[in-house]
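Enquirer: Input: one structure, supplied below.
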Amino acid sequence: MFWTDWGLYPKIERATLSGNQRTSIVTTNLYHPNGLDLDKGNRRIFWVDAGLDRVESIDYNGGNRKLLFQLSGLHPFGITFVPPFLFFTDWHSSREVYKLDAMTGEVFRSYNINGGRPMGIVAYDGFRQPSASSPCSINNGGCSHFCVPKTSGQECKCPTGLAVKQNGRTCEEKVKNFFLYTDADDKSTNIISLDVNYLVSKTLFKHLGDHRPIALDYDPVEDRVYWTDVRQGRIMSAFRNASSAKTIYYCNVLNPDGLAIDHVGRNVYWTDTGTDRIELGRLDGTKRKVLFKDGLDEPRAIVLDGRNGMMYWTDWGANPKIEKAGMDGSGRQSIVTGNLAWPNGLTIDQATKRLYWADAKLDKIETTDLNGGNRQLLLSSADQIHPFGLALYENVLYWTDWNKKSILRYNLTSATHETVIPDLQKPMDIHFYDPSLSFSGPHACSQNNGFCTDFCLLKPGGYRCACPPGMLLKPDGRSCDDDVFDKANSKKFMIFPEADTRGIYSVAISLSESPCKPLQIKTNISSPVAVDYDPFDGKIYWTDVALKIVARAFPNGSSVEVVAYNNVQGPEGLAVDYIQRNVYWTDPGTHKIEVARLDGSSRRGLITSAIESPSAIILNIAERKMFWSDQGLHPKIAKIEQANMDGSARAVLVNSGLVGVNSLAIDYSGKLLYWCDAILDRIERIDFQGNNRIVILDLSSGTWHPFGLALSDDVLYWSDLEKKNINKYNMTSSLSEVLVHGMGSPKELHVHDDGKIFSGSTGCSHLNGGCSHLCLPNPSGHQCFCPEGILLKPGDPLTCQGVTRCAILSVPSNGSLNPCSNLPGNTCQFSCDKGYILSGSSTRTCRNDGTWTGTQTQCNAATCPALPTPANGIQTGCSGKTAEKHNTVCQFSCKAGFTAIGSPTRKCQENATWSGQDFVCSGISCDPLVPRTNVVISPSSCLSSSSQGQTCRFSCRIPGYILDGASSRVCDNNGKWTGSNDTRCRDNMPPSFNNTCPNNMVFYTAGCSSRALVKWNEPISYDNSGHVSVSYPAVGPSTQLHVGLYQVTYSAKDDSGNSANCSFTVQVTNVKCPAIKAPSHGTVAPSPCQLSTGVHYKRECYFICSAGYQPQGTGNVSCLENGSWSADTTKIICKGSELVT
-17 MFWTDWGLYP
-7 KIERATLSGN
3 QRTSIVTTNL
13 YHPNGLDLDK
23 GNRRIFWVDA
33 GLDRVESIDY
43 NGGNRKLLFQ
53 LSGLHPFGIT
63 FVPPFLFFTD
73 WHSSREVYKL
83 DAMTGEVFRS
93 YNINGGRPMG
103 IVAYDGFRQP
113 SASSPCSINN
123 GGCSHFCVPK
133 TSGQECKCPT
143 GLAVKQNGRT
153 CEEKVKNFFL
163 YTDADDKSTN
173 IISLDVNYLV
183 SKTLFKHLGD
193 HRPIALDYDP
203 VEDRVYWTDV
213 RQGRIMSAFR
223 NASSAKTIYY
233 CNVLNPDGLA
243 IDHVGRNVYW
253 TDTGTDRIEL
263 GRLDGTKRKV
273 LFKDGLDEPR
283 AIVLDGRNGM
293 MYWTDWGANP
303 KIEKAGMDGS
313 GRQSIVTGNL
323 AWPNGLTIDQ
333 ATKRLYWADA
343 KLDKIETTDL
353 NGGNRQLLLS
363 SADQIHPFGL
373 ALYENVLYWT
383 DWNKKSILRY
393 NLTSATHETV
403 IPDLQKPMDI
413 HFYDPSLSFS
423 GPHACSQNNG
433 FCTDFCLLKP
443 GGYRCACPPG
453 MLLKPDGRSC
463 DDDVFDKANS
473 KKFMIFPEAD
483 TRGIYSVAIS
493 LSESPCKPLQ
503 IKTNISSPVA
513 VDYDPFDGKI
523 YWTDVALKIV
533 ARAFPNGSSV
543 EVVAYNNVQG
553 PEGLAVDYIQ
563 RNVYWTDPGT
573 HKIEVARLDG
583 SSRRGLITSA
593 IESPSAIILN
603 IAERKMFWSD
613 QGLHPKIAKI
623 EQANMDGSAR
633 AVLVNSGLVG
643 VNSLAIDYSG
653 KLLYWCDAIL
663 DRIERIDFQG
673 NNRIVILDLS
683 SGTWHPFGLA
693 LSDDVLYWSD
703 LEKKNINKYN
713 MTSSLSEVLV
723 HGMGSPKELH
733 VHDDGKIFSG
743 STGCSHLNGG
753 CSHLCLPNPS
763 GHQCFCPEGI
773 LLKPGDPLTC
783 QGVTRCAILS
793 VPSNGSLNPC
803 SNLPGNTCQF
813 SCDKGYILSG
823 SSTRTCRNDG
833 TWTGTQTQCN
843 AATCPALPTP
853 ANGIQTGCSG
863 KTAEKHNTVC
873 QFSCKAGFTA
883 IGSPTRKCQE
893 NATWSGQDFV
903 CSGISCDPLV
913 PRTNVVISPS
923 SCLSSSSQGQ
933 TCRFSCRIPG
943 YILDGASSRV
953 CDNNGKWTGS
963 NDTRCRDNMP
973 PSFNNTCPNN
983 MVFYTAGCSS
993 RALVKWNEPI
1003 SYDNSGHVSV
1013 SYPAVGPSTQ
1023 LHVGLYQVTY
1033 SAKDDSGNSA
1043 NCSFTVQVTN
1053 VKCPAIKAPS
1063 HGTVAPSPCQ
1073 LSTGVHYKRE
1083 CYFICSAGYQ
1093 PQGTGNVSCL
1103 ENGSWSADTT
1113 KIICKGSELV
1123 T
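Counting from -17, one number per residue, gives the positions in the sequence shown under this note's numbering.
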């Protein structure tokens, strides 16, 4: 393949199709080499140069360069070769396509193609794509991805960043070693593979919308990337394949500039320059904890040293510094404090135990040891760098650079640096991952989270369990007191909708440092405005102006229901009447205030006239009053009104000095109404009579924009759309503080306080006030209302038309009827007094036609069936023949020789059944005997059941065992066995060696040796129990022993402690035979046979006679084990020959 390169040094290059053997062909007299084509037959290259206005050619090796055509004013771009012609496109002339002679450059023709800027040009002809065989044409050459033909054979290649496996054909499924980095201006997170021999950046995922990714880290356990977004104020996460993106932490997150993951402990740490805190949380977003909030000014980079339980971070601030502490927050100390400005990037070299950082203001990269000592300057502003993020890999520092808009690297060995990834926009944090270098343990928190219920945090030399805010660690040092937290959180909390994240959040306002958390409501919610809470069902209610609905659900996201959606235009305010079980809402789109049952039934307009743009609404259930704001239309005349909760007694409370009242709050004890004007940026109050108006907070002079309002005791809470906060103002101390930071668009607020719930009753509390549909209270009672379009029946103020009530049910004699309504669909339940039995229907439901289901209910006196006298038994207190009345008691006993089974006393109960169990008299017998091991019981019937007087005898099954305990037991008159169940068979026979024990033995040394080889057959032990253990002597057979006497003992022992020994002696002795006297005319050989001290056992001696003499008798003798010679040596002589010359 061939290509052109403009660049700083223009050139034309070539390489194989697999990217190998790259070489430059043309490097001079080039400016803007554009189009390129090949003459494959003659192995030449044609190209056009838009800067030099030329058409040229050269051979494949860079020789025989030839200028074919040049014309000033041209701007050639594309070129194609169709033998023997060249065609090229041009931007500047009026003739946009030229045809040349490929050999001479002569212009044959030019073409006009209607102006414009013609770009690439290509010709098709069969010669350009001839049919040919290729090793890649069959089954893709066996390659899993790319097959690239070579001069001989083929080569398998992989997508960018993926390595080829050892088989040379298959690509790895994913990148294993890599760099990750963020580009804030490009809104991207990118990956650089370290599995291949080149460094190329690929976009991992783009952050669509108004996002600005800064810090990042990687969790290898779930293959997820975590990053911070300073524009949105979020900690976020997604799988490496860009799926399952989610927000992990959002509340109270402003400018999270640093991030680090403890992937073994499953925690994430981050710094926040907006809140000036360092926090940590679980990777799943379930728990969160502030680690440091004091002594921080602008915390930035953070890095963890999991091996040593340490964490390090940088702090810009007025006094820049680098600090360290245990990962549990213990042992905090500053380690670098001088010559710093904006210390940003931070990384650790585990091998050398050194800390590296980049200073983005001083344009330096420096290093110290992990205690801040041995400081060294590596790169400075003289190197024209402006570093931000920093990472270390294989003794090379990589950093992101804002000046060069690149990623550069510095070799710590050669002290050289170079650009590796150019042409970026705003590269920020950089992080590398290599599984071989990643810390995976041993980690104190890796197993069962260190047995901590919440946080397991490392520290030098160990770990510590910790709890989220508001929870205390129990004395066991591992468990957090969730009960205290949950109780406080459920008794007093605030909920508020957040339109940007399309969610509803909760925060426990009674606990300090309690973070807000998102409720798990994910469906039917898009742009929520108002919220309320039903303390009896525990459900959340909200209005949504985007979906145009009123909805409800449990906080865990279950049972999501749409309460109202038809003819809903722009629902804003919301109020739940948890006593009457109704919900009220305002809709400026329909110019109404509506009310319905909590499930959305019986819906109707309540305030429909003289109302223009209703917004906020709030209820005073104790006084049966409601208040609402009306922002008006044109001309804009805003007002606050009040009425009874049934819509009666409507009156204007405030009609001046208002523009855009979005929220209302009530001080019930002080009888004061508060409101928030989002246009005037004021919070005011007035009493219920419309007097004593006071401005509580005038926020118009600042950059505030209040929206929602809530009151708890003497504390006001208000949401701010400008600063994106939930604020807290103490009206007693006049102290203000931010309760929740970093929200996008917080709307209405609602505070629930168990202690402030109205627990009284109203006219609607009992059976819905008798109303068939809606019951709405007022100070003097209540009114019944019908669904929209339906009227009450004439003369019946309780029942709507179309409803047929059932007849009133009577209470049965000796019984009761639970309070119930006679409206269709309602069920009534009956019960009887004690001693009476219900007959007929226990429940009856009113049908739509006005009739009851079931049959008439009666309560009849309870009687129990007669209890007969048991066989072989006696009965008293009842007849045993007729039914018995309630509370009658029957008593039973058995005759002699029989035993009782069941209840001896039984009582006739109120439900007409007898208490206890049936009574039976059974013949006396004893339970089966269960023999112990090796014990035999006779007769065999004793093993099943034995009657009174039966004698059972015991014996032992195995010879050598004797009875230990009773030899017999008798079944007595009480059905109990005499004696104790302790009879067992005890082994009384010791083990035996059964004549295998060797006798005493003697061994003799041979020759001059002081040792002899001793051997014997080891004895074999036996025992009647079948199990015996043997202790062996220190001296065993087939061994060399020195001269001496040895005692050998084998010991055998059974499980009962019986033992036996096998003992014998082994003697090793040195035997000598008497010295041999040589015969006359002879000698004795060998020389040891000539010793005067005697001759050793087994020595064989020979008699040798002088010439002319012959031995008479045995010619040789042996020394025997008894110390004698095998023949009499004194009788061996040398006798002369008879023929002597």
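C-beta atoms are modelled at their ideal positions from N, C-alpha and C, and glycine is treated no differently. All values derive from a computational prediction rather than experimental measurement.
Could you tell me the distance, in whole angstroms, from the CA atom of VAL996 to the CA atom of ALA948?
Expert: Approximately 53 Å, taken between the alpha carbons.
Enquirer: So does the segment 758 to 771 actually touch the segment 800 to 808, counting three or more Cβ pairs closer than 8 Å?
Expert: Too few Cβ pairs lie closer than 8 Å, so no.
Enquirer: Are ASP1129 and MET476 close, meaning C-beta to C-beta below 8 Å?
Expert: This structure leaves residue 1129 out entirely; the chain is present only between -17 and 1123.
Enquirer: Which residue marks the beginning of the beta strand (DSSP E) containing ALA948, and which one marks its end?
Expert: Element bounds for ALA948: n/a, residue is neither H nor E.
Enquirer: Measure how close the beta-carbons of PHE740 and ILE603 come, nearest whole angstrom, since I'm counting them as under 8 Å.
Expert: About 5 Å separates the two Cβ atoms, so the contact holds.
Enquirer: Between the Cα of ILE1126 and the Cα atoms of THR960, SER929, THR965 and ARG951, which residue gives the shortest distance?
Expert: Outside the displayed span of the chain (-17 to 1123) sits residue 1126, for which this structure offers no information.
Enquirer: Only counting the same chain, and skipping five residues up and downstream in sequence, which positions put a Cβ closer than 7 Å to that of ASP1036?
Expert: Closer than 7 Å at Cβ, skipping near neighbours: ASP969, PRO973, ASP1005, SER1007, HIS1009 and VAL1010.
Enquirer: From ILE589 to ILE622, what does the alpha carbon distance come to, in whole angstroms?
Expert: ILE589 and ILE622: Cα-Cα distance of roughly 14 Å.
Enquirer: How close, in whole Å, do the beta carbons of ASN982 and ILE1002 come, if the pair is a contact with beta carbons under 8 Å?
Expert: Going by Cβ atoms, the distance from ASN982 to ILE1002 rounds to 19 Å, so no, they are not a contact pair.
Enquirer: Hey, GLU1103 and TYR986 are a contact pair by Cβ (cut 8 Å); roughly how many whole angstroms apart?
Expert: Their Cβ separation, rounded to whole angstroms, is 5 Å, which keeps GLU1103 and TYR986 in contact under 8 Å.
Enquirer: Beta-carbon separation of LEU372 and TRP381 under 8 Å?
Expert: Yes; because the gap between Cβ atoms is below 8 Å, this pair is in contact.
Enquirer: In this structure, how does DSSP classify GLN1049 when only helix, strand and coil are distinguished?
Expert: Strand at GLN1049.
Enquirer: Please state if the CB of ARG194 and the CB of ARG216 are separated by a distance shorter than 8 Å.
Expert: No.
Enquirer: Mapping the DSSP letters down to three states, classify SER701 as helix, strand or coil.
Expert: It is a strand residue.
Enquirer: Measuring alpha carbon to alpha carbon, tell me which residue in SER803, ILE486 and SER584 is nearest HIS748.
Expert: Closest by alpha carbon: SER803.
Enquirer: Return the chain-ordered ranges of every beta strand (DSSP E) run that is complete within the segment 340 to 415 and spans a minimum of 3 residues.
Expert: The qualifying runs are 346 to 351, 358 to 361, 369 to 375, 378 to 383, 388 to 393, 398 to 403 and 409 to 415.
Enquirer: Scan the segment 117 to 201 and note each continuous beta strand (DSSP E) run of 3 residues or more that stays entirely inside, going in chain order.
Expert: List check, beta strand (DSSP E) in window: 128 to 131, 136 to 139, 160 to 165, 170 to 175, 183 to 188 and 195 to 201.
Enquirer: From the DSSP output, which residues share a beta bridge with VAL565?
Expert: Partner(s): VAL558 and ALA578.
Enquirer: Taking DSSP's pairing of strands, which residues face ILE491 in a bridge?
Expert: Beta-bridge pairing links ILE491 to no other residue.
Enquirer: When the Cα of PHE160 is compared with those of SER183, GLY150 and ASN1098, which residue comes out closest?
Expert: Ranking the options by Cα distance to PHE160, first place goes to SER183.
Enquirer: Give every residue of the same chain whose Cβ lies closer than 6 Å to the Cβ of ASN471, excluding the five residues on either side of it in the sequence, and list them in chain order.
Expert: Excluding positions up to five away in sequence, the list reads ALA490.
Enquirer: Can you check the segment 462 to 489 for any beta strand (DSSP E) of at least 3 residues that lies completely inside it and give the ranges in chain order?
Expert: Counting only runs of 3 or more, we get 474 to 480 and 485 to 489.
Enquirer: Would you call THR392 buried or exposed, if buried means 16 or more other Cβ atoms sit within 10 Å of its Cβ?
Expert: In the sequence under discussion, the amino acid at residue 392 is Tyr, which differs from the Thr named in the question. Under this definition TYR392 is a buried residue.
Enquirer: Report yes if the CB atom of MET309 is closer than 8 Å to the CB atom of LEU440, and no otherwise.
Expert: Closer than 8 Å, so yes.
Enquirer: If you drop the 5 nearest sequence neighbours on each side, which residues of the same chain put their C-beta closer than 6 Å to that of LEU529?
Expert: Within the same chain, LEU529 has close Cβ partners SER508.
Enquirer: Counting Cβ pairs closer than 8 Å, one from the segment 548 to 565 and one from the segment 522 to 536, do we hit at least three?
Expert: Yes: the two stretches touch, three or more of their Cβ pairs being nearer than 8 Å.
Enquirer: Straight-line CA distance for SER645 to PHE689?
Expert: Straight-line Cα distance between these residues: approximately 7 Å.
Enquirer: Just verifying my parser: in three-state terms, what is the DSSP assignment at GLN551?
Expert: Here GLN551 sits in coil by DSSP.
Enquirer: Contact defined as beta carbons within less than 8 Å: I believe VAL542 pairs with ILE503. What is the distance between those atoms, to the nearest angstrom?
Expert: Rounded, the Cβ-Cβ distance is 7 Å, consistent with contact.
Enquirer: Going by beta carbon distance, what residues of the same chain come within less than 7 Å of ASN916, once the five residues before and after it are set aside?
Expert: Contacts found: CYS938, ARG939, ILE940, TYR943 and CYS967.
Enquirer: So for PHE740, helix, strand or coil by DSSP?
Expert: DSSP places PHE740 in coil when its eight states are reduced to three.
Enquirer: Among SER920, ALA853 and ARG585, which has the Cα closest to the Cα of CYS876?
Expert: Taking only the C-alpha atoms, the option nearest CYS876 is ALA853.
Enquirer: When the Cα of SER920 is compared with those of ASP909, THR933, CYS908 and CYS462, which residue comes out closest?
Expert: Nearest of ASP909, THR933, CYS908 and CYS462 to SER920, Cα basis: THR933.
Enquirer: Can you give the Cα-Cα distance for GLY1097 and ASP1110, rounded to whole angstroms?
Expert: Distance between the alpha carbons of GLY1097 and ASP1110 is about 11 Å.
Enquirer: To the nearest angstrom, how far is it from the Cα of GLY327 to the Cα of ASN46?
Expert: Distance between the alpha carbons of GLY327 and ASN46: 53 Å.
Enquirer: May I ask which residues mark the beginning and end of the beta strand (DSSP E) holding HIS764?
Expert: Element bounds for HIS764: 763 to 767.
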